[in-house]
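A short worksheet on the structure shown next.
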Amino acid sequence: MTKVDHMTALHLAAHDIACRRGDRVLFRGVGFALGPGDALHLAGANGIGKSSLIRILAGLMRPFAGTVERQGAVALVDERLALDGHLPLGRALAFWHRIDGTAPDADDPFGLADLADVPVRYLSTGQKKRAALARLAAAKAPIWLLDEPLNGLDTAWAAQAQAAIEAHRAGGGLVVIASHQPLALAGVKTLAMADHVPLPHGDDAEGDWA
Amino acid sequence: MIARLWPIFRRDLALLLRGAQGRGGAALPLLFFLAVAMLYPFAVGPDARLLGRTGAGVIWVAALLAAILPLDRLVEPDVEAGLFDQWALRGLSEEALLLVRIVAHWISFGVPLLLATPIAAGLLSLDAGQLATVEWGLLLGTPGLAAIGVTIAALTAGLRAGAALGGLLAIPLTVPLLIFGAGSLQPGGEGGLGLLAACSLVALAVAPFAGAAAIRAGRE
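These protein sequence lines map, in sequence, to chains A and B. With the numbering used here, letter number 88 in the first sequence gets 129, and the count goes up by one each step, no holes. With the numbering used here, letter number 82 in the second sequence gets 697, and the count goes up by one each step, no holes.
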């Protein structure tokens, strides 16, 4: 579905990433390297830092330690829709098509054709998620960062979303998915965030033993 | 870059002019501005000489307060909706985005104010000479007001009491514009217009960078 050019150097790698929110180190020692066709599942409980890691990988947040190497354009889906609520969905998506210089996907993989005239704010949770996925696909970026992309989707659309992810990989793209749900993706690597949470009395406790 | 900023400019302008998603649109500051000009003669009485002497200053105060009205809707909703993040991923700099927004904001509040000023001048018994000076002053000063407004909107985006805080922050920063703008109306004060233009230029030069830094800092 998504054809991506300039595959040659496509690359997303994290080296020994740590993330701190306030006084707390959420995770540390996160590292991986992904190339074309790869998929990485960030797994873990709520609040463990999956969304923060996604934002660090996107370059929107600086890691507390470590580096991110990114070669290729990034498209992101998170809990914020980035579509104007008062606009009909068709026009709200067209805004991003104009910025990205792309055209809407003719085969409408997310079933949005019938919703084109509905103002975005009237869409249901699942419909909004499908709109976000359409905006993602429209960006034609080789790196997809998805924060809970299946939230709010029913079984059929969750399967369709995963099919879109597989098509993106088949086209040479790579994808990182933060999700607490199991994913049915071929050959997906899993990063268990729980393995990277510092021990409560480890060297991060700043030695307030007295 | 310019080709990608054009649809953003058109969107910003449409949102600020028409208003949506809780944004009041251009009508609200304009009506506020005219309401102040209408109320003032009721408060001080219909003495045309008194109105003529003080009315231009009232126009300036009203313009300044009208500029503060839309502050909380200027940047915050788009940060909240993730638009600034999506633009950043596409390599669009916050500086350019905020410059675009300053222009759109100026068109949506500065231009209507310039058009409404003759009406306000009539209500406040200003003579033609004073009206011309006020119009020149507002033409030179409102771009600075727009720049300061967008900067403060970016600074307070994401703060819980952002709306109230924004208004309080804006007042001291806009005082120089008010002093030179109202000062240009004093006999022999035409030099104030040059200083007003200088203040506006400084605000315009600094605003995109200060606002962009604020938006980036807000992501951490």
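No residue lacks a Cβ here, since even glycine has one placed at the ideal position from N, Cα and C.
For B/Ala641, the closest of B/Ala735, B/Ser723 and B/Ala736 by C-alpha to C-alpha distance is B/Ser723.
As summarised for the region 77-142 of chain A, the continuous alpha helix (DSSP H) elements at least 4 residues long and confined to that stretch are 91-99 and 130-141, given in chain order. If you compare the alpha carbons of A/Arg103, A/Ala179 and A/Val229 with that of A/Val118, the shortest gap goes to A/Ala179. The way I'd put it, the region 707-723 of chain B does touch the region 762-772 of chain B; three or more beta-carbon pairs between them come closer than 8 Å. Scanning the region 132-213 of chain A from its first residue to its last, the whole beta strand (DSSP E) runs of 3-plus residues come out as 184-188.
Residues Leu679, Leu760 and Ile763 of the same chain have their beta carbon placed closer than 7 Å to that of B/Thr789, with the five preceding and five following residues left out of the count. According to the DSSP assignment, A/His52 belongs to the beta strand (DSSP E) that extends over His52 to Arg62. Per DSSP, B/Leu684 lies in no beta strand (DSSP E) segment and is marked neither H nor E. Rounded to the nearest angstrom, the Cβ distance from A/Asp79 to A/Leu215 is 5 Å, consistent with a contact under 8 Å.
Taking all protein chains shown into account, B/Phe657 has fewer than 16 neighbouring C-beta atoms within 10 Å of its C-beta and is therefore exposed. The contact set of A/Val109 on chain B, defined by CB atoms closer than 9 Å, is empty, because the minimum CB distance reaches about 14 Å.
Within the region 788-816 of chain B, contact with chain A at the beta-carbon level (separation under 8 Å) is assigned to no residue.
Using a C-beta cut-off of 8 Å, the region 90-110 of chain A makes contact with the region 218-225 of chain A, since at least three inter-stretch Cβ pairs fall below that distance. With a threshold of 8 Å between beta carbons, B/Ile623 makes contact with chain A. Sequence-distant partners of A/Val161 (beyond 5 residues in either direction) whose C-beta falls short of 8 Å from its own C-beta, in its chain, are Leu122, Leu124, Asp125, Gly126, His127, Leu128, Pro129, Leu130, Ala133, Lys169 and Ala172.
A buried status is given to B/Ala671, since no fewer than 16 other beta-carbon atoms sit within 10 Å of its beta-carbon.
With a beta-carbon spacing of about 11 Å, B/Leu665 and B/Val673 fall beyond the 8 Å limit used to define contacts. Annotation: B/Phe724 is outside any beta strand (DSSP E) and is labelled neither H nor E by DSSP. A Cβ of chain B is located within less than 8 Å of the beta carbon of A/Val115.
Selection A/Ala50, A/Cys60, A/Ala175 and A/Arg61 evaluated against A/Trp198 yields A/Ala175 as nearest (Cα-Cα). For B/Leu646 against B/Ala768, the beta-carbon gap comes to about 21 Å, at or over 8 Å, which does not count as contact. Taking the Cα positions, B/Asp700 is about 12 Å away from A/Glu120. Contacts between B/Ala696 and chain A, judged by CB atoms closer than 9 Å, involve Arg121, Leu122, Ala123, Leu124, Asp125 and Gly126 in chain order. Per DSSP, reduced to three states, the secondary structure at A/Arg69 is strand. Between the region 148-160 of chain A and the region 53-71 of chain A, the count of C-beta pairs closer than 8 Å stays below three; the two stretches do not touch. Distance check between A/Arg139 and each of B/Arg619, B/Leu753, B/Ala832 and B/Gly833 places B/Arg619 closest, using alpha-carbon atoms only. Excluding its 5 nearest sequence neighbours in each direction, B/Gly777 has C-beta neighbours in its own chain below 7 Å: Asp687, Glu691 and Thr771, listed in chain order. Beta-bridge annotation (DSSP): A/Ala74 is paired with A/Ala54. Only those residues of the region 699-717 of chain B whose C-beta falls short of 7 Å from the nearest C-beta of chain A are listed: Asp700, Gln701, Ala703, Leu704 and Arg705.
Assignment of beta-bridge partners to A/Ile218 by DSSP yields A/His82 and A/Leu187. When Cβ pairs closer than 8 Å are counted between the two stretches, the region 810-824 of chain B is seen to touch the region 750-757 of chain B, the count reaching three or more.
Interface annotation, B/Glu835: in contact with chain A, CB-CB separation under 8 Å.
Close to B/Arg626, with beta-carbon spacing below 7 Å, are these residues of chain A in chain order: Phe136. Looking at the DSSP output, A/Ala233 sits in a beta bridge with A/Ala84. B/Pro692 sits in a helix when the DSSP states are folded into three classes. DSSP places B/Glu710 in the helix class (H, G or I) of the three-state scheme.
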